[in-house]
Amino acid sequence: MSGLVFERAAAMSSSSSSSSGKVAAARKGRLRQRYDNEYRLVAGCVPYRVKKDDEGNPCSSAGDDDPAQVEVLMISTPNRTDMVFPKGGWEDDEDVYQAAAREAMEEAGVKGIINSSALGHWVFKSKSSEKSSSPRGACKGYIFAMEVTEELESWPEQSTHDRRWVSPAEAYQLCRYDWMREALTALLERLSVIEPVAAAAAAAATTTQEQLTDQAGMYMMLQATSDGAVALC
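Whatever position you read off the sequence shown (first residue = 1), add 444 for my numbering.
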């Protein structure tokens, strides 16, 4: 099923922009939010594109034997210099692929092909509750790869999220959280372009914990266990 285009996700994303050109409003509130016990369920994606030449063939970094040139799309948030990948609440009237596609459209203004195989799933826990054994206030997030096929000129959360295409090496440096670097690594491994950015990944890993924890709103990342995983429905 790898690489499958989810038509329902594409249909939902397409319907979010009307034929009149008006920008649809982003979903607000948590009335339809899905939960797994006390965990809030979240879906998101790493949007990417493969640079192509004038004939539509993938560009390589040097020669034909080199990996294709890949760029990933990241978004900004107010008053921060680092960046994130689009993600948000998974609601009860959509499946996880639709949720990931919707968040990409609302936050980054892009549509595309969602790969059915998740890059991974993580548990996010706020800094204020990191010492607590309770799942209250935590989220379970499922992150997918999205090959971008369309960029909208206007999108619902454009006023709070700028978007920027960056190289994988730059993305490693810009990623706000460790789980984002892990998701990016999973994408690059899947696309067989991990070697050119291995040095950047190693450099990012040397960032001191003091620098990371000084960032406001810092989240700690805990790898979700199989026992705690929720079915992708």
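C-beta: ideal position from N, C-alpha, C; glycine also.
So I558 packs on Y541, CB below 8 Å; how close in whole Å?
5 Å
Complete beta strand (DSSP E) runs within the stretch 505-571 (minimum length 3 residues, chain order):
514-519, 531-533, 554-558, 564-570
Distance CB(V637)-CB(V514) smaller than 8 Å:
Yes, they are a contact pair.
Take R484 and list the residues in its own chain whose beta-carbon comes closer than 7 Å to its own, dropping the five residues that flank it on each side.
Closer than 7 Å at Cβ, skipping near neighbours: Q477, G533, C583.
Going by DSSP in three states, P491 sits in which element: helix, strand or coil?
strand
Spatial neighbours of A543 within its chain, please: C-beta separation below 7 Å, excluding the five flanking residues on both sides.
A487, W534, E535
Proximity of R608 and M527 at Cβ, strictly below 8 Å:
yes
Whose C-beta lies closer than 6 Å to the C-beta of E595 among residues of the same chain, with five residues either side of it excluded?
V554
So, helix, strand or coil for D622, using DSSP?
helix
Looking only at its chain, what residues have a beta carbon closer than 7 Å to the beta carbon of L618, apart from the 5 residues adjacent to it on each side?
Excluding sequence neighbours, L618 sits near M518, D526, M527, V610.
Which value, in whole angstroms, describes the spacing of the CA atoms of G581 and Y479?
11 Å
What number of angstroms, rounded off, separates the C-alpha of K531 from the C-alpha of K496?
Distance between the alpha carbons of K531 and K496: 27 Å.
Provide the residue(s) that pair with D480 in DSSP beta bridges, ordered along the chain.
Note: D480 sits in a beta bridge opposite Y483.
Which one of Y492, A630, E601, L475 has the shortest CA to CA distance from L563?
A630
Would you mind giving the Cβ-Cβ distance between P612 and A548, rounded to the nearest angstrom? I have them listed as a contact below 8 Å.
Not a contact, Cβ separation roughly 18 Å.
Excluding the 5 residues flanking R493 on each side, which residues of the same chain have their C-beta closer than 6 Å to its C-beta?
Only E515, V592 meet the Cβ criterion.
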